[in-house]
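Participant: Just so you know, the protein sequences line up as chains A and B, in that order.
Sequential numbering from 1 applies to the first sequence in the numbering used here.
Sequential numbering from 1001 applies to the second sequence in the numbering used here.
Ideal Cβ positions, reconstructed from N, Cα and C, are used throughout, including at glycine.
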Amino acid sequence: MLAVKGKGKGNQALQILLKGLLEKGVVQAVLIPSEIPGGESYAHILTRDPSMVDKAQPVPPVVPVQGGRVVSKLTKRGPVKMPTAVVLRPCELRAARELIKLNQVKPKGLLTISFDCPGAYPLSQYINGDKSLIKANFEEGLSKFALSGTRPLCQICNRFTGDTADIEVGFLGAPEDGHYLIAHTPQGVEALRALGYQEEVDLKEREETIQEMVKERTEARQNYFQEEFGPQVSGPQGLLTTLHSCINCHNCMRVCPICFCRECFFDSDALKVTAENYLMRAERKGALRFLPDTLLFHLGRMNHMSTSCVSCGTCEDACPNDVPVSRLFAMVADKTQAIFDYVPGRDLKEPIPLIDYREEELHEWERPYKESTNHHPSSS
Amino acid sequence: MDREFVPKILYALCAWCGTGGSETAGALWLKYPENVRPFRVVCTGALDPAYVLRAFIEGADGIVVSGCHPGDCHYNLGNFRARRRLAVMKEVLDTLGLDGERLWLRWVAHGEGKKLVDTAWEFDTHIREKGPNPLKQRWDS
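#1: So, with DSSP's three-state summary, where would you put Gly6 of chain A?
#2: Assess, as a yes-or-no matter, whether the stretch 1082–1089 of chain B is touched by the stretch 1115–1122 of chain B under the definition of 3 or more beta carbon pairs within less than 8 Å.
#3: Please confirm whether Glu371 of chain A has its beta-carbon closer than 8 Å to some beta-carbon of chain B.
#4: Please confirm whether Ile339 of chain A has its beta-carbon closer than 8 Å to some beta-carbon of chain B.
#5: Have a look at Glu190 of chain A and Val53 of chain A and give me their C-alpha separation to the nearest angstrom.
#6: Anyone know if the C-beta pair for Gly119 of chain A and Leu88 of chain A falls short of 8 Å?
#7: Please report the straight-line C-alpha distance between Asp1140 of chain B and Glu316 of chain A, rounded to a whole angstrom.
#8: Spatial neighbours of Ser380 of chain A within its chain, please: C-beta separation below 6 Å, excluding the five flanking residues on both sides.
#9: Going by CA-CA distance only, name the one from A:Leu354, A:Tyr342 and A:Gly8 that's closest to Ala174 of chain A.
#10: Comparing alpha-carbon positions, which option in B:Lys1114, B:Trp1029, B:Asp1072 and B:Val1065 lies nearest Arg1037 of chain B?
#11: Could you tell me whether any Cβ in chain B is nearer than 8 Å to the Cβ of Gly170 of chain A?
#12: Enumerated in chain order, which unbroken segments of the alpha helix (DSSP H) with a length of 4 residues or greater are wholly contained in the stretch 176–203 of chain A?
#13: Closest to Pro123 of chain A by C-alpha separation, out of A:Pro368, A:Arg284 and A:Gly313, would be which residue?
#14: Using the C-alpha atoms, what's the distance from Glu366 of chain A back to Leu181 of chain A?
#15: With C-beta atoms as the reference, is Ala1012 of chain B less than 8 Å away from Val1041 of chain B?
#16: For Ala146 of chain A, which of helix, strand or coil comes out of DSSP?
#17: Taking Cβ-Cβ distances below 7 Å as the criterion, which residues of the stretch 1018–1031 of chain B are in contact with chain A?
#18: Kindly indicate which residue of A:Val255, A:Pro33, A:Met331 and A:Ser308 has the alpha-carbon position closest to the one of Ile352 of chain A.
#19: Going along chain A in order, which residues have a C-beta closer than 9 Å to the C-beta of Val1092 of chain B?
#20: Measuring CB to CB, does Ala165 of chain A end up less than 8 Å from Ile127 of chain A?
#21: Count the C-beta pairs between the stretch 340–350 of chain A and the stretch 292–308 of chain A that are closer than 8 Å, then say yes if the count reaches three, no if not.
#22: In chain B, what lies closer than 9 Å to Val233 of chain A by C-beta?
#23: Alpha carbon to alpha carbon, how far is Met302 of chain A from His179 of chain A? Give it in angstroms, no decimals.
#24: What does Ile113 of chain A pair with, by DSSP beta-bridge criteria?
#25: Got a sec? Which residues, its chain only, sit under 6 Å from Gly188 of chain A by beta carbon, not counting five neighbours each side?
#26: Where does His304 of chain A land, buried or exposed, given buried means 16+ other C-beta within 10 angstroms?
#27: In this structure, does DSSP put Gly1062 of chain B in helix, strand or coil?
#28: Does Leu1010 of chain B have its Cβ less than 8 Å from a Cβ in chain A?
#29: Can you list, in chain order, the residues of its chain whose CB lies under 6 Å from that of Trp1107 of chain B, leaving out five sequence neighbours each side?
#30: With the cut-off set at 8 Å, would you say Arg221 of chain A and Asn158 of chain A are in Cβ contact?
#31: Going by alpha carbons, who is nearest to Ala338 of chain A out of A:Val30, A:Phe297, A:Met253 and A:Leu362?
#32: With 7 Å as the limit, tell me which residues of the stretch 1048–1061 of chain B have their beta carbon closer than that to any beta carbon of chain A; keep them in chain order.
#33: I want to see whether chain B comes within less than 8 Å of Lys144 of chain A, judged by CB atoms only; does it?
#34: Please name the residue, chosen from A:Ile247, A:Ala3, A:Arg284 and A:Thr84, that lies closest to Leu1135 of chain B on a Cα-to-Cα basis.
#35: Whose C-alpha, out of A:Ala3, A:Leu74, A:Gly38 and A:Gln12, is nearest the C-alpha of Leu31 of chain A?
#36: In chain order, what residues of the stretch 287–298 of chain A put their CB closer than 9 Å to some CB of chain B?
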């Protein structure tokens, strides 16, 4: 690990770093969030041109496409041939690292860069709102690391630092005019050395600030899920009421970085049945809501992917009807991940829980058996 | 307890030990409740959560899963994976207030015919005490 001090704040800090990396030839391309000309939205752009970095917005106010998905698209057919720097929010980086485990991202040649994330605004709010005002608010909030009105999940995010990146850009606890650059891997150290950084700094103050914030956010998160959100969405009535506005468009699944399957079970022929079958089900229940299988879709996805859910909130941004999908999934994911003490993206050596096992574990989930000496009703 | 209520119960048995246990039970002339419907899956590890959920949404009051004891799986690790999946299934249901206790996992070996039948009776009583599964009556699911 190597920690140094850099000049500049917020977006500027990342621009200086990326330009340096390009100019010194440490990387030959960068994948970086940027405003699309016209200023309607943001997207990752792949470029070798340092002047494009000047125009980029490495920390954009919204997350239209999850960066994990972007990196997967880039390297699906094989690793990059020339070293490429990739700028990702912490949740995007966690997703990318889950996708490495799932063989959907080839990490070779990628230099990952992440930062203390202040959160992001709801996408619809940005698209439909006063963009220049939102941008100005975001810039100001970013420099002070205090943003209000971010997405509900961002407000209770307790993994907001890029501590699994090759190079972490730290704003928290840094002096007024600067930021920290922290290399966590040999590639990161090499890159910072190539940029001429030598003098190591002490991160004690930063670490304390982060620890405090994590504690606060973790409490807020548990509190929100247990006391506020949980009771609202709990039980057949609560859950189905929450899902009543779902139109079964599957957008949440399509934008999810973890849902990489080429064909999802819930889009497959397994759920395409005859009219007689639907009628049979309608008769049994008195009626059948169309499109059917909404609850099955959401619960099924939770079972299939919640252990890898990175709590990024992209699903909720993509929902046309404001179903609190990301909060539902994050609440469940916190629980299912806790069974295996698993944090998605934390460690590349930790296998994904559902493809791993221990011989001795989880006995509390098995129903204990005591041989009954009583005779069953039938045998008497 | 509602004496009129006859629960619909599914008993997922793996093709090796679970089904074997039911054969042993048959050979011993042991009886299980008539409202328990056994069905065979090739391995407990092949039981996708989607099937279990679908059963709960479409009419099952309870589902119990039995397969080879850990270490005895015909496919070596199927039941280890099943145990992880079952834990996730129950946790998802519990977190959302959908009663994960309507889903049980209990290992049954080929020779354990009595254990299989005991489980069927015990689970039947357990579900009768709980009453009907509220999800199955919802047409808005």
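Facilitator: Looking at the atomic coordinates:
#1: On the first sequence, residue 6 of chain A is found 6 positions in, with the first residue counted as 1. Collapsing the DSSP output to three states places Gly6 of chain A in a strand.
#2: Here the stretch 1115–1122 of chain B does not lie against the stretch 1082–1089 of chain B, with fewer than 3 beta-carbon pairs under 8 Å apart.
#3: By one-based count along the first sequence, residue 371 of chain A stands at place 371. Taking a beta-carbon distance threshold of 8 Å, Glu371 of chain A counts as an interface residue toward chain B.
#4: Start at 1 with the first residue of the first sequence, and residue 339 of chain A comes out as number 339. By this cut-off, Ile339 of chain A is an interface position.
#5: For the purposes of this step, residue 190 of chain A is taken as residue 190 along the first sequence, with counting starting at 1. For the purposes of this step, residue 53 of chain A is taken as residue 53 along the first sequence, with counting starting at 1. Glu190 of chain A and Val53 of chain A: Cα-Cα distance of roughly 21 Å.
#6: For the purposes of this step, residue 119 of chain A is taken as residue 119 along the first sequence, with counting starting at 1. For the purposes of this step, residue 88 of chain A is taken as residue 88 along the first sequence, with counting starting at 1. If you check the CB distance, Gly119 of chain A and Leu88 of chain A do not come in under 8 Å.
#7: On the second sequence, residue 1140 of chain B is found 140 positions in, with the first residue counted as 1. On the first sequence, residue 316 of chain A is found 316 positions in, with the first residue counted as 1. Rounded to whole angstroms, Asp1140 of chain B to Glu316 of chain A spans 21 Å at the Cα level.
#8: Here residue 380 of chain A is taken as the residue at index 380 of the first sequence, counted from 1. Residue confidence is low: Ser380 of chain A scores 41 on pLDDT, short of 50, so the model does not pin down where it sits. No coordinate-derived value is stated.
#9: As a first step, residue 174 of chain A must be located in the first sequence, where it is residue number 174. Of all alpha-carbon atoms in A:Leu354, A:Tyr342 and A:Gly8, the one lying nearest the alpha-carbon of Ala174 of chain A is that of A:Gly8.
#10: Along the second sequence, one-based indexing puts residue 1037 of chain B at 37. Nearest to Arg1037 of chain B by C-alpha distance, out of B:Lys1114, B:Trp1029, B:Asp1072 and B:Val1065, is B:Val1065.
#11: As a working note, residue 170 of chain A is residue 170 in the first sequence. No, its Cβ sits nowhere closer than 8 Å to a Cβ of chain B.
#12: Here the runs fully enclosed are 186–194.
#13: Start at 1 with the first residue of the first sequence, and residue 123 of chain A comes out as number 123. It should be pointed out that residue 123 of chain A corresponds to Leu in this sequence rather than to Pro. Of the candidates A:Pro368, A:Arg284 and A:Gly313, the one whose C-alpha sits nearest the C-alpha of Leu123 of chain A is A:Gly313.
#14: Here residue 181 of chain A is taken as the residue at index 181 of the first sequence, counted from 1. Here residue 366 of chain A is taken as the residue at index 366 of the first sequence, counted from 1. Answer to the nearest angstrom: the Cα atoms are 48 Å apart.
#15: Taking the second sequence and counting its residues from 1, the one referred to as residue 1012 of chain B is at position 12. Taking the second sequence and counting its residues from 1, the one referred to as residue 1041 of chain B is at position 41. Contact: yes.
#16: What you label residue 146 of chain A is simply residue 146 of the first sequence in a count that begins at 1. Under the three-state reduction of DSSP, Ala146 of chain A is assigned to coil, being neither helix nor strand.
#17: Listed in sequence order: Lys1031.
#18: Indexing the first sequence from 1 puts residue 352 of chain A at position 352. From the listed residues A:Val255, A:Pro33, A:Met331 and A:Ser308, the smallest Cα separation to Ile352 of chain A is found for A:Ser308.
#19: Within the second sequence, numbered from 1, the residue matching residue 1092 of chain B stands at position 92. Per Cβ cutoff of 9 Å: Leu299, Met302, Asn303, Ser306, Val332, Lys335 and Thr336.
#20: One-based indexing of the first sequence puts residue 165 of chain A at position 165. One-based indexing of the first sequence puts residue 127 of chain A at position 127. Contact flag unset, no.
#21: Output reads yes: the stretch 292–308 of chain A touches the stretch 340–350 of chain A.
#22: If you number the first sequence from 1, residue 233 of chain A lands on position 233. Residues of chain B passing the Cβ test: Leu1096 and Gly1097.
#23: For the purposes of this step, residue 179 of chain A is identified with residue 179 of the first sequence, where counting begins at 1. For the purposes of this step, residue 302 of chain A is identified with residue 302 of the first sequence, where counting begins at 1. Separation of His179 of chain A and Met302 of chain A (C-alpha to C-alpha, rounded to the nearest whole angstrom) is 38 Å.
#24: The count along the first sequence starts at 1 and reaches residue 113 of chain A at position 113. Its beta-bridge partners are A:Val87 and A:Ile167.
#25: Counted from its first residue, the first sequence places residue 188 of chain A at position 188. So the qualifying residues of the chain are Asp166 and Ile167.
#26: Your numbering for residue 304 of chain A matches position 304 in the first sequence. Around the Cβ of His304 of chain A, a 10 Å sphere holds 16 or more other Cβ atoms; the residue is buried.
#27: Translated into the one-based positions of the second sequence, residue 1062 of chain B becomes position 62. Three-state result, Gly1062 of chain B: strand.
#28: Taking the first residue of the second sequence as position 1, residue 1010 of chain B is located at position 10. Leu1010 of chain B is outside the set of residues whose beta carbon lies under 8 Å from a beta carbon in chain A.
#29: Residue 1107 of chain B sits at position 107 when you count from the first residue of the second sequence. Contacts found: His1069.
#30: Numbered from 1 along the first sequence, position 221 holds the residue referred to as residue 221 of chain A. Numbered from 1 along the first sequence, position 158 holds the residue referred to as residue 158 of chain A. In this structure, Asn158 of chain A lies closer than 8 Å to Arg221 of chain A by Cβ.
#31: For the purposes of this step, residue 338 of chain A is identified with residue 338 of the first sequence, where counting begins at 1. Answer by Cα proximity: A:Leu362.
#32: Taking 7 Å as the Cβ-Cβ cut-off against chain A, the residues of the stretch 1048–1061 of chain B that qualify are Pro1049, Ala1050, Leu1053, Arg1054, Ile1057, Glu1058 and Gly1059.
#33: Within the first sequence, the letter at position 144 stands for residue 144 of chain A. Not a single C-beta of chain B is nearer than 8 Å to the C-beta of Lys144 of chain A.
#34: Taking the second sequence and counting its residues from 1, one reaches residue 1135 of chain B at position 135. Nearest C-alpha to Leu1135 of chain B: A:Arg284.
#35: Here the question's residue 31 of chain A lines up with position 31 in the first sequence. Ranking A:Ala3, A:Leu74, A:Gly38 and A:Gln12 by CA distance to the CA of Leu31 of chain A puts A:Leu74 first.
#36: Along the stretch 287–298 of chain A, the positions whose C-beta sits under 9 Å from a C-beta of chain B are Ala287, Leu288, Arg289, Pro292, Asp293, Thr294, Leu295 and Leu296, read in chain order.
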